[in-house]
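Please read the structure below before turning to the comments.
The following block contains the structure:
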């Protein structure tokens, strides 16, 4: 159904009101000019003619999962890495890669692509726009909008050095005598970095480090710049947009400079622009902060479609390492109620470390300290951020998820596979869209070699794989990578057929108050599915207790595990160490 004219008119009215709110210090003429330019770009985009209103059931369903990878995670000599990646996806990953998140692929100078030096072209070794677009033929493509900063080598910064526009207006270089004492930092590096310009030394804002120069969103034309980038993305097959570090984009003196109202308003503008360009586009916010702040981009219903579920990785990691799931159960039991057309992006491993800010208010300092120690014993490192009082506080854990699954005994591989599979299956069981990190699926251990070469702690979890060697590993049925992918592909195939796992399907935690087991009920009534996870290295006997059971039970062995097709008696469910079952009714 075509979007009716009144809806388009309402969108445009909202857009104008938001521009007025954000840029209240600008003249009416300037806002009119900006609004007209934005609308002209929207009208000129060819995809507009095929715009259709769709519901969230069409935007995502239980078959959607996201595979997270760098453009050059897999490489072959003499071949663009995007082509190598495309072929690997087609041959090995199946239902684990319905959506593929290709981490920053534009030209950059550092931070794994997040210090973008050009919006026009890709890194040469990755290939070209057409190579990227070719992946979209069989997969939904997801990409990053790095809104907060650019590389110190970007042309805007070079123009700033020469006192030229648009660099002067696009780089954020505020007055030093303003009050920046309350700024919330994600790093321990200096908030400001000095740049020598033709007019003398200038201090520029650097949230994430000296090679990442913050952009000035107080310049209204910044919206135009990123709309043009969005259109480049959409024109090359990208439909899902990850808003990197979006909470930091708006700065005001005397504030925390994090999640300010005008940052939220900019997300609302991006939502309007994307909705007008693409019917099934998805906007995803990435904010490594406490849960309430993270969810603030969803609850208004007119900002993001999806948000990264940052409490999940550290809570699950602590639970699986210690076999103590009490906090995890409590957290799942208090799952947030979100607007109908939004959901959560559920993940364990990612290209970044395991964020710790999301644990604020959920886990006490003693348990957090124990988590840090346990990860350090498994070869992990701890990165810090600087507080306003000058103290450094742990910000993230840097460790490969596979290495984190090691056993604390002399046999480090004891139950490593079982722990890993459990964590990924739990991600599949939760309400939302599951995501998997390529190196984790490939059983990548801590990449000590890369870390020793770069000194970047996140490189412990960013291993690159030579294609020929990897294919041999994937074809070896005894390899951990083969076992991981085979098991999880099968699980994702099964999940895709069970409507109970739809992101909008009901969810209830039946194990609140327990530490040894996590039981998640999906759906309602006789067709409910019970995802049961043994979080310990011991055998457990469990009796299912749920108000829907009378409708389900008509004989002793009346339930089956969808993952293994084994029949079960609901009164005595025996679980091996770290075993997971998806229990459902045998009723026809």
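Numbering (the numbering used here), first residue to last: 12 to 599.
Ideal Cβ placement from N, Cα and C applies to all residues, glycine included.
Just so it is clear, the structure is predicted and the values come from calculations on it, not from any experiment.
- In the displayed model, residue 366 falls within a strand according to three-state DSSP.
- A Cβ-Cβ contact shorter than 9 angstroms links residue 78 with residue 449.
- Per DSSP, residue 80 is one residue of the beta strand (DSSP E) stretching across 77-80.
- In the three-state scheme derived from DSSP, where H, G and I count as helix and E and B as strand, residue 440 is classed as helix.
- Classified as exposed, residue 89 has fewer than 16 neighbouring CB atoms from the shown chains inside 10 Å of its CB.
- Contact between the stretch 308-322 and the stretch 516-532 is not established, with fewer than three Cβ pairs separated by less than 8 angstroms.
- A distance below 7 angstroms between beta-carbons, with the five flanking residues on each side excluded, links residue 386 to the following residues of its chain, in chain order: 408, 410, 415.
- C-alpha of residue 71 to C-alpha of residue 112: approximately 15 angstroms in a straight line.
- Runs of the alpha helix (DSSP H) spanning 4 or more residues and lying entirely within the stretch 107-150 occur at 140-146, in chain order.
- The beta carbon of residue 264 sits closer than 6 angstroms to the beta carbons of 189, 190 from its chain, once the five residues preceding and following it are set aside; these are given in chain order.
- Residue 475 sits in coil when the DSSP states are folded into three classes, being neither helix nor strand.
- If you compare the alpha carbons of 305, 402, 340, 346 with that of residue 368, the shortest gap goes to 305.
- Residue state for residue 374 is assigned as coil, using DSSP reduced to three classes.
- One thing to note: residue 594 has its Cβ no nearer than 9 angstroms to the Cβ of residue 560.
- The C-beta of residue 197 has 16 or more other C-beta atoms within 10 Å across all chains shown, which makes the residue buried.
- According to DSSP, residue 542 shares a beta bridge with 531, 593.
- When beta bridges are read from the DSSP output, residue 395 appears opposite 405.
- Secondary structure within the stretch 148-204: the beta strand (DSSP E) runs of 3 or more consecutive residues, fully enclosed, are 151-157, 160-162 (chain order).
- The DSSP-derived three-state label of residue 356 is strand.
- An exposed status is given to residue 536, since fewer than 16 other beta-carbon atoms sit within 10 Å of its beta-carbon.
- Contact annotation: residue 553 and residue 505 have beta-carbon atoms that are not nearer than 9 angstroms.
- Residue environment analysis places residue 277 among the buried positions, since at least 16 neighbouring C-beta atoms fall within 10 angstroms of its C-beta.
- In the DSSP assignment, residue 27 is bridged to no other residue.
- Between the alpha carbons of residue 325 and residue 365 lies a gap of roughly 6 angstroms.
- DSSP lists 211 as the beta-bridge partner residues of residue 208.
- Distance between residue 186 and residue 24, taken at the CA atoms: about 34 angstroms.
- Per DSSP, the continuous beta strand (DSSP E) segment holding residue 295 begins and ends at 293-297.
- In this structure residue 356 is not in contact with residue 257, their Cβ atoms being roughly 14 angstroms apart against a cut-off of 8 angstroms.
- In the structure shown, residue 581 falls within a coil segment according to DSSP collapsed to helix, strand and coil.
- Looking only at 474, 318, 244, the smallest Cα-Cα distance to residue 413 is reached by 474.
- Per DSSP, reduced to three states, the secondary structure at residue 429 is helical.
- The three-state secondary structure of residue 318, taken from DSSP, is strand.
- When DSSP reads this structure, residue 445 sits in a beta bridge with 357.
- Around the CB of residue 138, 16 or more other CB atoms lie within 10 Å, so the residue is classed as buried.
- In this structure, DSSP gives residue 254 an extended state, which the three-state scheme calls strand.
- Under the three-state reduction of DSSP, residue 268 is assigned to coil, being neither helix nor strand.
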